[in-house]
Every structure is written in C-alpha cells, then in structure tokens.
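2 protein chains.
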Amino acid sequence: MVWDMTTMKEIAQQTGVSVSTVSLVMNHRDEGRVKAEVASRVRETARKLGYKVNPMARSLRTNSTRILGFISDEVATTPYAGGMILGAQTAASRFGYMLITVSTDDGMKEDNEIDALKRYGTDGFLYAKMSNRITDVPAKLLDYPLVLTDATDVNGKVPSVEPDEFSIAYDATTYLIKAGCKRIAYVGCSEPLLAQEGRLAGYRAAIAEAGMPFDDKLVANVVNNGPALRAVSRLFDSEHPDGFFCFNDARAWYVYECAARRGLTVGKDISVVGVDNHRVFAETLEPQLTTVELPHFEMGYWAATKLISMIENRPMNDIEWPKTTAPLTPIDAPIPAKIHCTLLEKGSVAR
Amino acid sequence: MVWDMTTMKEIAQQTGVSVSTVSLVMNHRDEGRVKAEVASRVRETARKLGYKVNPMARSLRTNSTRILGFISDEVATTPYAGGMILGAQTAASRFGYMLITVSTDDGMKEDNEIDALKRYGTDGFLYAKMSNRITDVPAKLLDYPLVLTDATDVNGKVPSVEPDEFSIAYDATTYLIKAGCKRIAYVGCSEPLLAQEGRLAGYRAAIAEAGMPFDDKLVANVVNNGPALRAVSRLFDSEHPDGFFCFNDARAWYVYECAARRGLTVGKDISVVGVDNHRVFAETLEPQLTTVELPHFEMGYWAATKLISMIENRPMNDIEWPKTTAPLTPIDAPIPAKIHCTLLEKGSVAR
DNA sequence: CTGAAAGCGCTAACAA
DNA sequence: TTGTTAGCGCTTTCAG
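Protein chains in written order, with the UniProt record's numbering: chain A, 1 to 351; chain B, 1 to 351.
In structure tokens:
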C-alpha cells in the first residue's frame with residue numbers, strides 16, 4: 001500500500017472518542033448505541049479526513065472481503081467474456097464489491113485458481129461458460145455461495161442465469177415473418193448446444209404461430225468452413241429462402257458469401273436476422289443485418305446481483321434491471337425484440 | 001471465508017515451536033536463523049496440514065497484498081481484452097499474484113474504481129487500452145508502480161508494452177511478396193491510430209526492400225460500412241491488386257465481399273493477409289486467409305511481469321517468454337512471421 | 001538459534 | 001451511551 005489511508009484510530013483521536021465508537025458509526029450500527037451528536041461529529045471528521053475502510057483489516061475479523069471470484073474459461077478465445085465481466089463488475093461495484101477474474105483457458109489449473117481465490121477471502125463465486133452448457137461444477141466451489149452464468153448445473157441444484165434462447169429465435173423469426181418473408185431458413189449449429197435446441201424450438205413456434213408449415217429442408221445445421229459454406233449454398237439453390245435466421249455471426253457470414261456469389265443483396269433480395277455480438281457485421285456492413293444481441297452484460301450483472309443477495313442473505317426484489325448495453329451501431333429498426341434473459345432460481349447452496 | 005484454512009499457529013503447536021519460527025521458515029528467511037532440522041520439521045507439518053498463507057493477514061503487516069489492478073476500457077466492446085487479461089493473469093499467477101480487473105467502459109467512474117482498487121491494497125497497476133494510443137494516464141495512478149499495456153504515455157515516462165506494428169506489416173507484406181504477388185494493396189484505417197503509422201511504414205519497407213515501387217494508389221485507408229466497401233471496390237477495379245494486406249478482420253471482409261462479387265477466390269486468384277484476432281475468419285473460411293495475430297496475450301503477460309519486477313524491485317532477465325496462445329484453427333502455413341512484441345522500458349516511477 | 005511480545009486496522013463482547 | 005479488552009493471522013523487533 002503506497003498511499004496512506006486514514007484509520008479509525010485517527011478519527012477517534014481527532015474526535016476524542018474511542019475506536020469502537022468510530023467503528024459503530026462507520027458501520028451504521030450506531031442507532032440507539034451512540035449519541036446522535038457524537039455520531040455526527042465522527043462522521044464529520046471521517047469525511048474531512050477522507051476515511052475509507054480498509055477491507056483487508058476488516059476481513060480479518062469478519063471473514064468477509066466483499067470480493068467476488070469470477071471464474072470462466074475461454075476469456076481469451078471468445079469475444080463474449082468482456083460483456084459478462086463488465087456486467088458482473090458493474091453490479092459488484094454497485095454493492096461495494098470487487099471482482100477478481102480468473103480464467104482457466106490456458107495452462108491454469110482450475111482447482112489451483114479456486115484455492116488462490118479462496119485464500120484471498122472471496123465471499124462467493126461466479127462460474128461462467130461462454131455458451132450455455134450442462135456443466136459439472138467443480139466440487140471445490142460447492143461449499144461457497146455460487147451462481148452459474150450462461151451455464152446450467154448438471155444436477156440442477158446451483159442457481160444460474162441463462163439467456164432465453166427460445167425467445168431469441170422466436171422474436172427473430174417473427175420479425176422476419178412480419179417483414180414479409182415466406183420461406184424462412186434456419187441456419188443453425190450442428191453441435192449439441194443448449195442454445196441450438198432452444199432456438200430451433202423458438203423458430204418452429206414462430207413459424208407455427210404464423211400458420212406457416214415447418215419444412216425441415218429449410219433447416220441447415222452446420223459446423224464451419226467449407227462444409228458449412230457448401231451446405232448453405234445447397235440451401236440457397238434448392239430451397240430459395242427469402243429469410244434467414246442465423247445462429248451467429250459466422251453462420252450469417254455464409255449467407256452473405258452465398259448471396260454475394262449469386263448477385264443477391266441482403267436487405268433487398270433476402271432478409272437476414274443474426275444472433276450474436278455482431279461485432280464484425282456492425283463494422284463492415286450497412287445496416288442490413290438485424291441482430292439479436294446476446295445478453296452477456298445482463299447475465300453478468302444479474303448473476304453477480306444474485307450472488308450478492310445470497311452472500312448477504314437478502315432478497316433481490318427491489319433491485320432494478322440495468323439499462324442494456326447500447327448496440328454498437330444503429331440497427332435497422334425496429335429491433336426484433338427486447339432482449340430476454342431468464343433468471344433461474346433453482347435452489348440454494350450450503351454455506 | 002467459508003473454508004477454514006490452517007494457520008501458522010496450528011503448525012506451531014503441532015511442531016512444538018513458536019509462531020515466529022514458523023513464519024521465518026514459511027518465508028524462507030530461516031537461513032542461519034533456524035536450525036535446519038527444526039525448519040524441515042516445520043515444513044513437513046505445513047505440508048501435511050496443507051498450509052497456505054493468508055494474504056489478507058499478511059498484508060496487514062507488510063502493506064503488500066500481491067494483488068495487481070488491471071484497468072481497461074472497452075473490455076465489453078472489443079474481443080481483445082480477454083487475451084490481455086489472460087496473459088496478465090497467467091504472469092500474475094506464475095509469481096503468486098492475483099489480478100483484480102476493472103473496466104471503465106460503462107458508467108464506472110475511473111477515479112472511483114482506482115480508489116477502490118487502492119483500498120484493496122493493490123500493489124500496482126496495469127493500465128490497458130484496446131489499441132495503442134497516446135494516453136494521458138490518470139494522475140491517481142502515478143504514485144504507484146504502473147505499466148501501460150497497448151498504450152503509450154503522453155509524457156513518455158511510464159513504461160509500456162506495445163505491439164511491434166512495423167514488423168507486423170513488414171512480415172505480412174514480405175510474405176505476400178514471397179508468395180509471388182506483384183501488386184500488393186494496403187487496406188488500412190483512416191483513423192489516426194499509432195498502429196496505422198507503424199504498419200504503413202512496415203508495408204513500405206517490405207515493398208522497397210523487394211525493389212518494388214511504392215504506389216499510393218494501392219493504399220486504401222478506410223473507415224467502415226458502405227464508404228469503405230466502395231473504396232475497396234474501386235481499388236479492385238482500377239488497380240487489380242493480386243495481394244492484400246488488411247489492417248484487420250473488418251477490412252479483410254471488404255476484400256472478401258468484393259472478391260466474391262467479381263468471381264474471384266481468395267487463396268487462388270488473390271492473396272490476403274489480415275492482421276487481427278481472425279475470430280470470424282477462423283470459423284468461417286477454409287484456410288485461405290493468412291493472419292498475423294496481435295500479441296494481446298503476450299502484452300498482458302509481459303506487462304504484468306514487468307509490473308511485478310517493479311513492485312519487487314528486481315530484474316526481469318531470467319524470465320522466459322511464454323508460449324504464444326495457439327491459433328484457433330490451422331493456418332495456411334507458413335505463418336508469415338513470428339509475432340513481435342516490443343517491450344519498452346521508458347523509465348521508472350516514483351514509489 | 002528460538003520465543004515472547006507488540007502491533008497492522010478493524011470488529012465484537014463485555015464492562016462501566 | 002461509551003470505552004476497554006481481546007483477537008483475527010501474520011511479521012518483526014528484541015531478549016534470551
């Protein structure tokens with residue numbers, strides 16, 4: 001600590017009271033225990049001296065540091081982590097907490113990092129994945145307050161915050177229908193992600209609700225690279241869709257590539273709604289692509305808020321929803337849907 | 001703290017020595033002060049009991065927490081922060097430090113966050129930008145050990161770690177030349193970024209070294225969206241380049257789009273080397289695009305290492321370079337160049 | 001070589 | 001209503 005902080009002792013001396021009195025006042029536990037006049041004198045000197053509590057010293061007594069541990073994989077390999085971290089940090093900061101972020105992508109051994117975090121007195125953990133997966137939570141975490149973020153506990157015990165995948169696709173598809181599309185393709189992901197299930201269901205529901213037939217020839221679940229591009233090419237040539245729901249940026253790119261090769265213009269000849277962070281498209285395109293943004297910020301925010309409510313053992317009722325992060329770029333209005341984010345309270349955890 | 005850690009007291013009791021002796025041993029300050037036999041007995045019980053020092057308690061005495069503060073903007077809006085955070089965390093963890101990450105993009109007031117970090121006893125700061133800019137460092141940071149990451153101090157006083165932009169473009173261009181390209185375009189950025197200067201210089205140097213004339217009609221500095229796309233279109237039609245150096249993913253996308261519209265295939269009819277994280281292209285394309293990856297991980301790693309060396313006041317000589325994060329996807333070999341990263345030691349800082 | 005004692009800044013039980 | 005005391009886990013003189 002380079003900077004010298006003023007201590008309670010100093011306040012006590014300046015005010016002519018004891019340290020315990022100062023402690024009571026600074027912790028707002030003075031109601032009916034310290035004379036109001038004394039209390040306000042204490043507060044005044046504290047203000048004058050710019051007193052800030054020393055969390056380290058406090059934690060030595062209270063076993064509570066107001067530090068949250070944020071554990072995630074892939075922070076370096078996906079662009080999503082940032083939003084989640086920012087959301088979590090925003091909530092943390094709002095309640096006077098700090099976030100220690102550790103990621104386990106590299107050589108970092110997860111258990112070691114967890115141990116280190118525990119040594120630093122972390123009050124609870126956020127365990128994040130970069131896309132919703134059934135997750136086997138590390139045992140080392142289970143005896144702490146814990147919230148999963150964009151992940152689902154394999155045992156359904158640990159509370160989690162997840163995106164509402166169904167609504168994402170439902171809203172996007174409805175948007176395409178309202179735009180007048182008649183043959184709407186679903187360009188999805190053939191890996192077994194939770195998002196894939198939910199979104200395909202949302203797509204089907206929207207189609208059905210509009211009285212349109214479901215045609216599985218319009219569904220192309222692909223992985224990547226050449227095979228994906230060829231699958232989307234076939235979709236273009238045999239089905240001639242006029243609307244595309246795309247699982248993410250990468251899938252949307254196949255559609256763009258195929259359209260360009262056929263002299264079709266997105267936003268004129270075909271319509272595309274893509275899910276995701278739309279970073280590349282936001283920078284490259286005229287606003288032709290309608291995007292549903294995944295609520296990473298919100299998930300982080302809510303997960304942290306939930307975690308704090310567990311740590312402090314108090315309800316979250318009065319906590320308002322944060323304003324959503326603004327889209328990077330103006331988007332072809334109207335935006336397909338409000339961004340949903342489901343907060344699942346599946347149970348609580350041993351303390 | 002939920003978990004009960006074993007304390008020095010317990011070790012002392014079990015071993016039948018005093019706490020001070022244990023402290024001496026656990027801190028490797030026992031040389032010539034504690035009998036070797038006793039020391040090893042202490043170490044043995046410590047091992048048996050799984051002793052880990054309590055950093056909070058220690059910091060109360062030592063004023064050193066082994067916590068590093070990582071401050072950056074835009075963690076949520078760029079995909080780069082993750083790599084830098086991971087690099088910094090990897091280095092930190094290697095030396096027994098922890099990273100507290102705060103980002104200042106949202107409503108977070110930077111000075112408040114810095115104060116909070118200081119209260120938590122942060123030993124020093126990493127101040128990061130998401131692309132190298134001349135940076136006016138917050139005054140609140142100047143009395144602490146401090147390293148800039150992907151940023152340059154406006155006063156040239158604060159040490160910084162930056163990417164070697166010149167070499168990036170030099171290597172990429174040389175790669176295109178060796179591949180047989182005769183008319184190599186530079187698709188750059190018209191915003192005044194440090195990267196732009198350095199890379200254009202690297203491009204020119206490579207061109208010159210190959211005895212090729214520099215033709216500024218081959219240089220297209222663009223911003224984004226429609227105007228950018230049209231500028232690249234003009235470049236295609238009037239200059240017919242056969243090789244492209246692209247400032248980043250977004251610029252590379254314009255080249256792809258234009259190529260597709262003209263029936264040209266990247267990797268066959270034209271060659272492209274793009275700088276950046278190539279996340280989208282890695283997932284979407286066959287390996288046609290050669291990529292120079294920006295050393296975000298390395299910058300984070302080195303900046304943290306440098307910072308620790310400042311905090312502990314010891315040289316960095318014996319510290320080896322980390323293995324670079326693996327590319328997401330196999331890349332058209334040979335990779336254009338090793339990734340350079342310059343470590344600038346511009347001076348030291350008041351403690 | 002080793003241990004007793006003091007104290008880092010704070011909180012909490014208890015006396016006064 | 002307030003102060004005294006003890007102690008969180010650790011480091012650091014200072015005696016022995």
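We put the beta carbon where it would ideally sit given N, CA and C, even for glycine.
Buried/exposed call for residue i, threshold 16 Cβ in 10 Å
| i | result |
| --- | --- |
| H28(B) | exposed |
| H240(B) | exposed |
| S18(B) | exposed |
| P295(B) | buried |
| T21(B) | buried |
| G156(B) | exposed |
| S40(A) | exposed |
| E191(B) | exposed |
| S238(A) | exposed |
| G32(B) | exposed |
| D171(B) | buried |
| P163(A) | buried |
| R66(A) | buried |
| residue 441(B) | For residue 441(B) there is no data in the structure shown, the boundaries of chain B being 1 and 351. |
| K9(A) | exposed |
For residue j and residue i, believed in contact at Cβ under 8 Å, the rounded distance
| i | j | result |
| --- | --- | --- |
| I71(B) | E113(B) | 7 Å |
| G274(B) | C246(B) | 4 Å |
| L126(A) | Y97(A) | So it is not a contact: roughly 11 Å between Cβ atoms. |
| T135(A) | A116(A) | The pair is not a contact, with the Cβ atoms about 21 Å apart (cut-off 8 Å). |
| M5(B) | R314(A) | With 8 Å as the limit, M5(B) and R314(A) do not qualify as a contact, their Cβ atoms being about 27 Å apart. |
| V161(A) | K306(A) | 7 Å |
| V232(B) | A220(B) | 6 Å |
| L264(A) | T101(B) | Between T101(B) and L264(A) the Cβ distance is about 44 Å, and since that is not below 8 Å, they are no contact. |
| A260(A) | A260(B) | 4 Å |
| A185(B) | F95(B) | The pair is not a contact, with the Cβ atoms about 45 Å apart (cut-off 8 Å). |
| D269(A) | N248(A) | In fact, because the Cβ distance is near 22 Å, the residues do not count as touching under 8 Å. |
Strand pairing of residue i, partner residues [DSSP]
| i | result |
| --- | --- |
| V187(A) | A220(A), C246(A) |
| E197(B) | Looking at the DSSP assignment, E197(B) forms no beta bridge with any residue, so it has no partner. |
| T135(A) | D153(A) |
| V266(B) | I270(B) |
| I67(B) | M98(B) |
| L24(A) | The partner list for L24(A) (beta bridge, DSSP) is empty, contrary to what the question assumes. |
| G211(B) | G211(B) pairs with nothing; no bridge assigned. |
| G226(B) | Its beta-bridge partners do not exist; DSSP assigns none. |
| L148(B) | Y127(B), S160(B) |
| V292(A) | V275(A) |
| S309(B) | Paired residues: none, contrary to the question. |
| S93(A) | Answer is none; S93(A) lacks a bridge partner. |
| S72(A) | S103(A), A128(A) |
Close beta carbons around residue i, own chain, < 6 Å, minus the five adjacent residues each side
| i | result |
| --- | --- |
| T104(B) | D73, E110 |
| A179(B) | S271 |
| A326(B) | Annotation note: pLDDT 31 at A326(B) (below 50); position unreliable, coordinate value reported separately. If we look at A326(B) and ignore the five residues flanking it on each side, it has no Cβ neighbours. |
| R183(A) | P241, D242 |
| M130(B) | E74, T78, Y80 |
| F236(A) | C258 |
| V42(B) | T15, V22, V25 |
| G198(A) | E165, F166 |
| L148(B) | Y127, V158, S160 |
| A91(B) | Y301, A304, T305 |
| Q196(B) | G188, C189 |
| L229(B) | Y254 |
| R234(A) | none |
| A76(A) | D105 |
Sequence-distant residues of its chain with Cβ nearer than 7 Å to residue i (five each side left out)
| i | result |
| --- | --- |
| A46(B) | I11, M26 |
| S64(A) | D123 |
| L141(A) | I114, F125, Y127 |
| D30(A) | L24, A39 |
| P227(B) | none |
| Y144(A) | G124, F125 |
| K323(A) | With a pLDDT of only 42 at K323(A), under 50, the local geometry of the prediction cannot be trusted, and the value read off the model is given with reservation. Excluding sequence neighbours, K323(A) sits near nothing in its chain. |
| N224(A) | A250 |
Contacts around residue i, its chain only, beta-carbon distance under 8 Å, and the 5 residues preceding and following it disregarded
| i | result |
| --- | --- |
| R133(B) | A151, T152, L193, L194 |
- Query: When the Cβ atoms of the region 57-67 of chain A are set against those of the region 44-53 of chain B, are three or more pairs found closer than 8 Å?
  - Reply: no
- Is it a yes or a no for the region 190-205 of chain A touching the region 162-170 of chain A, going by three-plus beta-carbon pairs under 8 Å? yes
- Query: Is the number of C-beta pairs between the region 296-306 of chain A and the region 81-91 of chain A that are closer than 8 Å three or more?
  - Reply: yes
- Hey, is the region 250-259 of chain B in contact with the region 209-219 of chain B, meaning 3+ C-beta pairs nearer than 8 Å? no
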